[in-house]
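Below is one structure, written out as C-alpha cells; comments come after it.
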Amino acid sequence: MIKVTLPDGAVKELPKGSSAMDVAKSISEGFARNVISAKVNDKTVEVTTPITTDANVTLYTFDNEEGKKAFWHSSAHILAQALEKLYPGIKLTIGPAIENGFYYDVDSGEQTIREEDFKKIEDKFLELAREKADFSLREVSKADALAKYKAEGNEYKVELIENLNDGEITFCDHSDFTDLCRGGHIPNTGIVKAVKIMNVAGAYWRADQTKNQLVRVYGISFPKQKMLTEYLELLELAKQRDHRKLGKELELFTFSEKVGQGLPLWLPKGAMLRERLENFLKKAQVKAGYLPVITPHIGHKDLYVTSGHYEKYGADSFQSILTPHEGEEFLLKPMNCPHHCEIYKTSPKSYKDLPVRFAEFGTVYRYEQSGELHGLTRVRGFTQDDAHLFCRPDQVEDEFMKVIDLVLYVFGALGFEDFTAQISLRDPDNKEKYIGSDENWEKAEQAIINTANAKGLKTVVETGEAAFYGPKLDFMVKDALGRSWQLGTIQVDYNLPERFELEYKGSDNEMHRPVMIHRAPFGSMERFVAVLIEHCGGNFPLWLTPDQVGILPVSEKYNENAQNILKLLNNYDIRGFVDERNEKVGRKIRDAEVSKVPFMLIIGEKEAETNIVSVRKHGEGDIGEFSIEEFANIINNEVKKDLNSNNN
RNA sequence: GCCGAUGUAGCUCAGAGGUAGAGCACUUCCUUGGUAAGGAAGAGGUCACGGGUUCAAUUCCCGUCAUUGGCUCCA
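Under my numbering, the residues of the first sequence are numbered 1217 to 1864, in order.
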C-alpha cells in the first residue's frame, strides 16, 4: 500500500501501483470522469502512470490551468495526426499548448495549408477524436528514437532528440500515431468534443529568422461543443472593442495610403482627447519638478553616432536627410534622449542642481518592418511622453521610486489595474549586443530590481529584453485580443552620460558623471490611446471623452434653446454638441447612444420654459430632471473624482 | 522582412468572364415630433494600382501598394 496526500491535506491509502486516475476514483466516480491530468510530487504525469511510493498527488480537470494545458497539448497530437493524414509527407516539429488553445508547426514541403482547408482539418480531427484512442507514454532509447526520425527524414525531430539524453526520451502513442513527447496527456482522444482551427501562419524553426519557415496551424478545443461556441462569441465581443474599429467609428484617427503606412492622422476628436491626456500628465509633471523642453524633429547624424543609436539601428532606420549644397547628413529623430543630453550640457551643473528633469512630448520616427505595423499600437511616427532625469548616483533609487509613483498615478487615473511590471535585463551570454561596462550594468539592474521590489509591483523578469544602453522596467498591458503591449517604461542608463561626457561638480570640487533615467508613463501616445480605447471599449472616462453631453431638441423649434444651454454648460467647462438635425428625438437618442455620448439632454417645450433639463445617461436611460447648475455639478464632480481618486 | 488571407460607394458588405448592387451615411423635399432608427426623391464607384491572357477582365494570371492573422524585430 502507498499513502497519497491530496492538496487539501487528505491522505488516501491505495494499493502500490495505483494511478492518479485510481486516486480520483477513490474520491468519486463522477469526479474521476472529469479528471484529465495529474501531477505526482509536482511532476506532470499521465493519469494512468502507476504510483509506486508515497506521494503528493494533484488532480486536474479542464477547469484548471494545468488541466487545460494537458487537454490542449493532447489536442495538438490529434491535430498532428490529422495533418499527417491529410498532407502525407509533411514533417512534424513541435506542438505545444498555449494560453488559448494550441498549435502545431509542420514543414509541409511543397504543400500549402490554406484557410479553406480548415473545415477539412476539423472534420478529420473530430473523426480521429471519436476513436477514443488511449494516450500512452513509453520510454525509448536515444538510438531508437533517432533511428525512427532519421528513417523518416525528419531533421527537426532528430535535432530535438540530439539535445536530449538517454533515459529522458519518451514517445506518446495513440491510435496509429506516435510522436516524440515528454508527456502530460489526457486519458483518451474521445474527451475532446469540439475543435476550431483558428488560423495558419508562418513561423521560423526555433524562432530563428535564419532558419526554415514552417507552417503553424493554430487551434482550440473543448470538452463540450457549448464551450467552443461561448469562446467564439467572446472573441467576437472582443473584436467589438478593437481600437481600429472604434477609432474609425468614433472618428478619433485614420490612416492614408498617400501619407504613408504607419503614420497616423489624428482627427479632431482624437486630437482633443490626446491633448487632454497630455495636459493631465503635464500638470502632474510640473508638480513633480519636471522642466519642459522642446527639441526639433531631426538631428545631425553625429548626434546619433555619439549616442550609439546610429551604430545599432542606423541601417534599419529612415535614411539620411541631406542638405542640398553642403551634403550634411541629418536623421529623423528616433529618440529624444540625445537632444536632452545636449540641453543638459548647455550650462555647468553642480551637485546641488541635481536631479534635473527634462520633459518633452517628443515625436519620433522609426522604420518598423512593414509586417509589424498594427493600428495605433505599432506605427512609424509617434509621440513619446518622454523625460530624462539626470541625477547623482545616490539619487537614482529615490528618483526611480518617484517615477514608479507617477506611472502608477497615471495608470490609476485611467483605470489600468491589470498590468505586469516587466524587468528587462541584459542577456549575459550576448554582452556584445550592449554598450557600457559590466559594473554599470550591474548597478543599473540592481537599482531596478530593488525599487520594483520595494514598491511591491507584480513583476516578471525577462533576460535579454534590455535596451542596448540599459535595463528597463516596462509596464505591460493586454489589448482586447489578449496581445501584450509595453506602455510605460523606466530605464536606468549609465552609458549615455558617458558617451556625451555629461558632468557635474560634486561637493568634493571634483567632476562627476550623472546617471540618467529615461521614463515615459504613457510610453507612446498612439499606443496608449489604442490600449485605452480597448480598455474602456470606447466609453472613455468623462474627463477625456470627446463630447460629454449631447443636447437633443425635441423639434427644430427648440434648437435655439439648446444652443443657449450649451453656452451655459460651456461656462461650467463642459463640452458637448447640439443635434440640430431634422429628426425625431428617438432617432437622436439612438445615434447619441451608438456614438457613446455619456449624457444626453432632451430639450422640448417644458425645458424651454423652465430652467430644467431632462437627463439621459448612456447605457442607463432617463435619470430624471435637473437644473442646469445641478447637472453641471454632476458632471464636474465625476470629472474631479476620476482625476483625484488616485492622487497622492 | 517572411508565411497566409483580404482590397467593390464615406462606412459595413453582397456580386459575377459580357461593362456593378444593398443597408447606413450624404443632398433635397415632406413631416415638427418627448426618451434607441418618421417618409419620399436624388446624388455618389477608373470595382486599390500596373501589366498579361481573352473578342471581352472589376472577375482569371503576374507584379506593386495597402490592410490583416501570425513569425521575426522593437532605441
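For every residue, glycine included, the Cβ atom is placed at its ideal position computed from N, Cα and C.
Bridge partners - residue i, DSSP secondary structure assignment
| i | result |
| --- | --- |
| I1828 | S1843 |
| M1732 | F1606 and D1709 |
| V1416 | V1433 |
| I1243 | I1243 pairs with nothing; no bridge assigned. |
| M1692 | T1636 and Q1702 |
| A1393 | According to the sequence provided, residue 1393 is Phe. The question's Ala does not apply to it. Partner(s): H1390. |
| K1307 | D1323 |
| Q1535 | Answer by DSSP bridge pairing: none, since Q1535 is not bridged. |
| I1314 | G1317 |
| L1872 | Given that the chain is displayed from residue 1217 to residue 1864, the structure contains no residue 1872 and the question cannot be resolved. |
| M1727 | K1721 |
Unbroken beta strand (DSSP E) run spanning residue i, endpoints
| i | result |
| --- | --- |
| L1448 | Run containing L1448: none in the beta strand (DSSP E); it sits in the alpha helix (DSSP H), Q1441 to Q1456. |
| H1516 | I1514 to H1516 |
| M1217 | Counting along the chain, M1217 falls outside any beta strand (DSSP E), and DSSP gives it neither H nor E. |
| G1578 | V1572 to Y1581 |
| N1272 | A1271 to Y1276 |
| E1545 | E1545 to L1548 |
| E1355 | S1352 to E1355 |
Residue i, enclosing alpha helix (DSSP H) - first and last residue
| i | result |
| --- | --- |
| Y1526 | H1525 to Y1529 |
| K1285 | E1281 to L1302 |
| V1619 | V1612 to A1629 |
| D1654 | D1654 to A1670 |
| M1741 | M1741 to C1752 |
| A1807 | Per the sequence presented here, residue 1807 reads as Asp, with Ala not at that position. Start and end: V1801 to V1810. |
| V1676 | Segment T1675 to T1679 is the beta strand (DSSP E) holding V1676; no alpha helix (DSSP H) there. |
| I1767 | From DSSP, I1767 is part of no alpha helix (DSSP H) but of the beta strand (DSSP E) over V1765 to P1769. |
| G1463 | H1459 to E1465 |
| V1374 | E1371 to E1378 |
Cβ-based neighbour list, residue i, same chain, cut-off 6 Å, excluding 5 preceding and 5 following
| i | result |
| --- | --- |
| T1599 | F1577, T1579 and M1741 |
| V1677 | I1639 |
| G1722 | Y1567 and H1728 |
| R1735 | A1603, V1619 and I1706 |
| F1393 | Q1297 |
| D1763 | G1792, F1793 and V1813 |
| P1508 | A1575 |
| K1255 | T1274 |
| N1863 | In this predicted model, N1863 has a pLDDT of only 48, less than 50, meaning its place in the structure is not dependable; the value taken from the coordinates is given anyway. Closer than 6 Å at Cβ, skipping near neighbours: no residue. |
| F1744 | L1703 and F1738 |
For residue i, the three-state DSSP class (helix, strand or coil)
| i | result |
| --- | --- |
| C1388 | strand |
| G1233 | coil |
| N1428 | coil |
| I1850 | helix |
| L1592 | coil |
| G1686 | strand |
| I1337 | helix |
| A1254 | strand |
| A1487 | helix |
| V1813 | coil |
| Q1267 | Correcting the residue type first, residue 1267 is Ile in the shown sequence and not Gln. I1267: coil per DSSP, three-state reduction. |
| R1715 | helix |
| E1796 | coil |
| N1863 | Reliability of the predicted coordinates at N1863 is poor, the pLDDT of 48 falling under 50, and the value obtained from them is presented with this limitation in mind. It is coil, neither helix nor strand. |
| F1598 | strand |
Residues near residue i in its chain [Cβ-Cβ closer than 8 Å; skip 5 each side]
| i | result |
| --- | --- |
| M1217 | E1229, L1230, P1231 and K1232 |
Nearest residue (CA-CA) to residue i, options the options
| i | options | result |
| --- | --- | --- |
| I1337 | K1301, R1346, F1318 and F1793 | K1301 |
| I1407 | I1839, V1256 and A1248 | A1248 |
| L1342 | L1295, I1306 and E1326 | L1295 |
| D1258 | H1525, T1274, P1312 and I1306 | T1274 |
| N1415 | K1464, A1226 and F1334 | F1334 |
| E1368 | G1311, G1597 and P1304 | P1304 |
| L1703 | P1266, K1694, A1500 and N1711 | K1694 |
| L1430 | D1323, I1329 and G1530 | D1323 |
| F1287 | P1439, L1222, Y1434 and A1361 | P1439 |
| A1637 | L1605, T1593 and F1691 | F1691 |
| D1789 | V1770, G1840, E1845 and A1808 | E1845 |
| S1811 | N1853, N1860, G1753 and R1346 | G1753 |
Contacts around residue i, its chain only, beta-carbon distance under 7 Å, and the 5 residues preceding and following it disregarded
| i | result |
| --- | --- |
| Q1441 | K1409 and A1410 |
| A1240 | F1247, A1248, V1251 and L1275 |
| L1748 | L1630 |
| E1331 | V1416 |
| I1559 | V1509 and F1574 |
| H1590 | none |
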